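Chains H and B, in that order, give the protein sequences.
Just so you know, full-length UniProt numbering puts 71 at position 71 of the first sequence, and the rest follows in order with no gaps.
Just so you know, full-length UniProt numbering puts 41 at position 41 of the second sequence, and the rest follows in order with no gaps.
2 protein chains.
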Amino acid sequence: MQHSELGFAPSRSIFHTPTRYALQVLVRLPSDGTYRLARCLAADLELPGPYLAKILQILSQCGILESHRGPAGGFRLHRAPEDITLKEVVVAMEGPEPFGDCLLGHHGGKDGCHCPIRPAWDVLQNQLTAFMAETTLQDLKVSHDLSSISDEPDRPDAVPV
Amino acid sequence: MQHSELGFAPSRSIFHTPTRYALQVLVRLPSDGTYRLARCLAADLELPGPYLAKILQILSQCGILESHRGPAGGFRLHRAPEDITLKEVVVAMEGPEPFGDCLLGHHGGKDGCHCPIRPAWDVLQNQLTAFMAETTLQDLKVSHDLSSISDEPDRPDAVPV
DNA sequence: CTATATTCGGATGACTTAATCCTTTTAATG
DNA sequence: CATTAAAAGGATTAAGTCATCCGAATATAG
Numbered sequence: 001m002q003h004s005e006l007g008f009a010p011s012r013s014i015f016h017t018p019t020r021y022a023l024q025v026l027v028r029l030p031s032d033g034t035y036r037l038a039r040c041l042a043a044d045l046e047l048p049g050p051y052l053a054k055i056l057q058i059l060s061q062c063g064i065l066e067s068h069r070g071p072a073g074g075f076r077l078h079r080a081p082e083d084i085t086l087k088e089v090v091v092a093m094e095g096p097e098p099f100g101d102c103l104l105g106h107h108g109g110k111d112g113c114h115c116p117i118r119p120a121w122d123v124l125q126n127q128l129t130a131f132m133a134e135t136t137l138q139d140l141k142v143s144h145d146l147s148s149i150s151d152e153p154d155r156p157d158a159v160p161v
Numbered sequence: 001m002q003h004s005e006l007g008f009a010p011s012r013s014i015f016h017t018p019t020r021y022a023l024q025v026l027v028r029l030p031s032d033g034t035y036r037l038a039r040c041l042a043a044d045l046e047l048p049g050p051y052l053a054k055i056l057q058i059l060s061q062c063g064i065l066e067s068h069r070g071p072a073g074g075f076r077l078h079r080a081p082e083d084i085t086l087k088e089v090v091v092a093m094e095g096p097e098p099f100g101d102c103l104l105g106h107h108g109g110k111d112g113c114h115c116p117i118r119p120a121w122d123v124l125q126n127q128l129t130a131f132m133a134e135t136t137l138q139d140l141k142v143s144h145d146l147s148s149i150s151d152e153p154d155r156p157d158a159v160p161v
C-alpha cells in the first residue's frame, strides 16, 4: 500500500497538540496538593513554556486544574485523579464533538448527515467515548507507575558568566 | 462539561481535508467505466476544484483511480468498488499510520512509547483499522443507496449576458 | 506599602495545511 | 498537422494552528 504526499506531515495523534500537551501534564502531575509552576512543568516535560501556560489556564477555567497567583503560586489538580476522566479533559480541549460529527466531514448534525459510513462510525465513536469516560487520570497513572515530575522548586536558568 | 477555545475551530473529522474529499468523491463515483472530469466532480460535490484535482492525481498514482488525458479524458475507478477498501484510501491519503502511533503524541515507535493509554488505545485502533479493512466502497454505496453524481458531460458555466 | 513572583489576557509572529494559478504534457478530433 | 480539451506538476497565496511576547492583575513577603 503506497501513499503519496500532498503537503502535510504524518499526524502524530488524532488529537490536537494542546490536547496532547494537556494529557501529558495531567498524567504526571502529583496529587499531593502542592502548586507547580507552569515554567517547571514545561521544562520537565520538554514542552513549549508559554504555550503550555495557556493550556493550563484553560484547564483551570474548566475546573480540572486550580491556579494560584503570586509567589508560591502555580497549578495543581482541582480534584482527585480518580475523579477526572480522560473524556472530560479531551472535551475541555477539543470541544463537545472530539471526533467530529461525521467521518467524511458532512455537516448537518446527527440527523442531517446521510453519509454511508455513519452507522458504523457511530458504533466505533461510542466505544471510544465509553473508554474515555471510564478511564481516569488515576487509571493512567497506575497502569504504568508513572514517575511524577520532579520536586525542585525552581532552577534559575543557570546563566553562565 | 464546559470547554474553552484556544484558537482552532471544531474539527469536522479525525481525518485531514484531502482524505475526506477523496472519500466523498470515491463513494459517489459511478463504476460504469466512463471517465469523469475533475471539474465536474468538484462542481457536483461542491468541493474546491483545483484542490480536488490534486487529490485525484494522488489517487491515480496509488492505483485507486485511473486517469486519462486529453479530450474525453478524466478519472474513473481503477478497480471494482468491492475491491477498494476504506483502509486503502485512508492510508493512501494519510500515510501508513492514519491514527498516529500514540494518543499522547509520544514518538519512538511501537516499543519506545511507555505511555499509559497505549494498551487501550491499541485495542481501539485495531478495531478502527479492522473496520476500515473490511469495508469496501461498494459497502458504502449500497448501505444508503447513494445517488451517483450526474451524467452531464459538462456545463460551460453559463455566463449570463 | 513596596518589591517580587506568579498567573492572566491580548497582540503578534512562525509554521503547517488548504487552496489557487499558470505552464507543460498528453491525447483526441477535424 | 493544427486545434482543442483534458490531466500533471510546480510556484504561489490564503487560512488555520502552534507558539511567543509583553503588559496587566494578583498575591506573598519583608
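Glycine included, C-beta positions come from ideal geometry on N, C-alpha and C.
Note that the structure is predicted; figures quoted are calculated from it, not measured.
Task: Arg79 of chain H at chain B interface by Cβ criterion, 8 Å - done: Taking the first sequence and counting its residues from 1, the one referred to as residue 79 of chain H is at position 79. Answer no: the Cβ-Cβ gap between Arg79 of chain H and chain B never drops below 8 Å.
TODO: Measure the alpha-carbon distance for Arg118 of chain B versus Arg79 of chain B and round it to whole angstroms.
DONE: Taking the second sequence and counting its residues from 1, one reaches residue 118 of chain B at position 118. Taking the second sequence and counting its residues from 1, one reaches residue 79 of chain B at position 79. For Arg118 of chain B and Arg79 of chain B, the distance between alpha carbons rounds to 36 Å.
Open item on the list: Beta carbons nearer than 9 Å to chain H: which residues of the segment 82-115 of chain B have them?
Closed with: Leu86, Lys87, Glu88, Val91, Ala92, Met93, Glu94, Gly95, Pro96, Glu97, Pro98, Phe99, Gly100, Asp101, Cys102, Leu103, Leu104, Gly105, His106, His107, His114, Cys115
Open item on the list: According to DSSP, simplified to helix, strand and coil, what is Pro160 of chain B?
Closed with: In the second sequence, residue 160 of chain B corresponds to position 160, counting from 1. Only weak support exists for where Pro160 of chain B lies, its pLDDT of 35 falling under 50; the coordinates are left without a value.
TODO: Report back the beta-carbon spacing between Leu65 of chain H and Leu128 of chain B to the nearest angstrom; my notes put them in contact at under 8 Å.
DONE: By 1-based counting over the first sequence, the position of residue 65 of chain H is 65. By 1-based counting over the second sequence, the position of residue 128 of chain B is 128. Not confirmed; about 31 Å, so no contact.
Open item on the list: Using 8 Å as the threshold, is the C-beta distance between Pro48 of chain H and Leu137 of chain H below it?
Closed with: The residue given as residue 48 of chain H occupies position 48 in the first sequence. The residue given as residue 137 of chain H occupies position 137 in the first sequence. Not closer than 8 Å, so no.
Open item on the list: Please return the same chain residues whose Cβ sits closer than 6 Å to the Cβ of Asp157 of chain B, not counting the five positions on each side in sequence.
Closed with: Your numbering for residue 157 of chain B matches position 157 in the second sequence. Any reading at Asp157 of chain B must be qualified, since the residue scores a pLDDT of 40, below 50, and its modelled position is unreliable; no value is offered.
Open item on the list: If you follow the alpha helix (DSSP H) that Gly49 of chain B is in, where does it begin and where does it stop?
Closed with: Within the second sequence, numbered from 1, the residue matching residue 49 of chain B stands at position 49. 49-61 is the span of the alpha helix (DSSP H), which, as asked, contains Gly49 of chain B.
- [ ] With 7 Å as the limit, tell me which residues of the segment 115-126 of chain B have their beta carbon closer than that to any beta carbon of chain H; keep them in chain order.
- [x] Pro116, Ile117, Ala120, Leu124
Open item on the list: Can you tell me which residues form a DSSP beta bridge with His68 of chain B?
Closed with: Walking along the second sequence from the start, residue 68 of chain B turns up at place 68. Answer is B:Gly74, bridged to His68 of chain B.
Task: Contact list for Leu140 of chain H against chain B, beta-carbon separation under 8 Å - done: The sequence position of residue 140 of chain H within the first sequence is 140, counting from 1. Simply Pro116, Ile117.
Open item on the list: Using 8 Å as the cut-off, can you tell me whether the segment 18-27 of chain B makes contact with the segment 51-70 of chain B, which would need three or more C-beta pairs spanning the two stretches below that distance?
Closed with: yes
Task: Beta-carbon neighbours of Arg20 of chain H, restricted to chain B and to distances below 8 Å - done: Looking up residue 20 of chain H in the first sequence gives position 20. By Cβ distance, chain B contributes Leu103, Leu104, Gly105.
TODO: Using three-state DSSP, classify Thr136 of chain B as helix, strand or coil.
DONE: On the second sequence, residue 136 of chain B is found 136 positions in, with the first residue counted as 1. Three-state DSSP puts Thr136 of chain B in a strand.
Task: Distance between Gly100 of chain B and Glu134 of chain H (C-alpha atoms, nearest Å) - done: As a first step, residue 134 of chain H is located in the first sequence; it is residue number 134 there, counting from the start. As a first step, residue 100 of chain B is located in the second sequence; it is residue number 100 there, counting from the start. So the two alpha carbons sit approximately 22 Å from each other.
Open item on the list: If you follow the alpha helix (DSSP H) that Leu86 of chain B is in, where does it begin and where does it stop?
Closed with: Along the second sequence, one-based indexing puts residue 86 of chain B at 86. Taken as a continuous stretch (DSSP letters only), the alpha helix (DSSP H) holding Leu86 of chain B covers 86-94.
- [ ] Compare the C-beta of Ser31 of chain H against all C-beta atoms of chain B and say whether one is closer than 8 Å.
- [x] Within the first sequence, numbered from 1, the residue matching residue 31 of chain H stands at position 31. False, the Cβ-Cβ gap to chain B never drops below 8 Å.
Task: Cβ pair count under 8 Å reaching 3, the segment 5-16 of chain H against the segment 87-95 of chain H - done: yes
- [ ] Using three-state DSSP, classify Arg36 of chain B as helix, strand or coil.
- [x] The residue given as residue 36 of chain B occupies position 36 in the second sequence. If DSSP states are grouped into helix, strand and coil, Arg36 of chain B belongs with the strands.
- [ ] Within the same chain, show all residues whose beta-carbon is closer than 7 Å to that of Lys87 of chain B, passing over the 5 residues directly before and after it, in chain order.
- [x] The residue you call residue 87 of chain B lines up with position 87 of the second sequence. So the qualifying residues of the chain are Thr129, Met132, Ala133.
Open item on the list: Cutting at 6 Å between CB atoms, please list the residues of its own chain near Ser60 of chain B, excluding the five before and the five after it.
Closed with: The sequence position of residue 60 of chain B within the second sequence is 60, counting from 1. For Ser60 of chain B, where only same-chain residues beyond five positions count, the Cβ hits under 6 Å are Ser67.
Task: Residue-chain proximity (Ser13 of chain H, chain B), Cβ-Cβ < 8 Å - done: Position 13 of the first sequence, counting from 1, holds the residue named residue 13 of chain H. Yes, its Cβ sits closer than 8 Å to a Cβ of chain B.
Open item on the list: I'd like to know whether the C-beta of Asp75 of chain B is nearer than 8 Å to at least one C-beta of chain H.
Closed with: To locate residue 75 of chain B, count along the second sequence from 1; it is residue 75. Note that residue 75 of chain B is Phe in the sequence shown here, rather than Asp. So, not an interface residue.
TODO: Run down chain H in chain order and give the residues with a C-beta less than 8 Å from the C-beta of His16 of chain B.
DONE: Counting from one through the second sequence, the residue named residue 16 of chain B turns up at place 16. The contacting residues are Phe8, Ser11.
Task: Exposure of Ala9 of chain B, with buried meaning 16 or more beta-carbon neighbours within 10 Å - done: The count along the second sequence starts at 1 and reaches residue 9 of chain B at position 9. Ala9 of chain B comes out exposed.
- [ ] Report yes if the CB atom of Arg20 of chain B is closer than 8 Å to the CB atom of Leu6 of chain H, and no otherwise.
- [x] Position 20 of the second sequence holds residue 20 of chain B. Position 6 of the first sequence holds residue 6 of chain H. No, these two residues do not count as a Cβ contact at 8 Å.
Open item on the list: Just verifying my parser: in three-state terms, what is the DSSP assignment at Leu103 of chain B?
Closed with: In the second sequence, the residue the question calls residue 103 of chain B occupies position 103. Residue state, collapsed to three classes: coil.
Task: Own chain residues within Cβ distance below 7 Å of Pro98 of chain H, not counting five before or after - done: Position 98 of the first sequence, counted from the first residue, corresponds to residue 98 of chain H. The residues are Val90, Val91.
Task: Closest Cα partner of Asp122 of chain H within the set H:Ile58, H:Cys102, H:Leu56 - done: Taking the first sequence and counting its residues from 1, one reaches residue 122 of chain H at position 122. Nearest of H:Ile58, H:Cys102, H:Leu56 to Asp122 of chain H, Cα basis: H:Cys102.
Open item on the list: Restricting to Cα atoms, I'd like to know which of B:Asp139, B:Cys113, B:Ser11 is closest to Ile84 of chain B.
Closed with: Here the question's residue 84 of chain B lines up with position 84 in the second sequence. The option with the nearest alpha carbon to Ile84 of chain B is B:Asp139.
Open item on the list: Buried or exposed for Ala42 of chain B, going by 16 or more other Cβ atoms inside 10 Å?
Closed with: Here residue 42 of chain B refers to the residue found at position 42 when the second sequence is read from its first residue. Buried.
- [ ] Please decide whether Leu128 of chain B counts as near chain H, where near means a Cβ-Cβ distance under 8 Å.
- [x] Here the question's residue 128 of chain B lines up with position 128 in the second sequence. By this cut-off, Leu128 of chain B is an interface position.
Open item on the list: Suppose you measure from the CA of Pro30 of chain B to the CA of Ala72 of chain B; what does that come to, to the nearest Å?
Closed with: For the purposes of this step, residue 30 of chain B is taken as residue 30 along the second sequence, with counting starting at 1. For the purposes of this step, residue 72 of chain B is taken as residue 72 along the second sequence, with counting starting at 1. If you take the alpha carbons of Pro30 of chain B and Ala72 of chain B, they lie about 16 Å apart.
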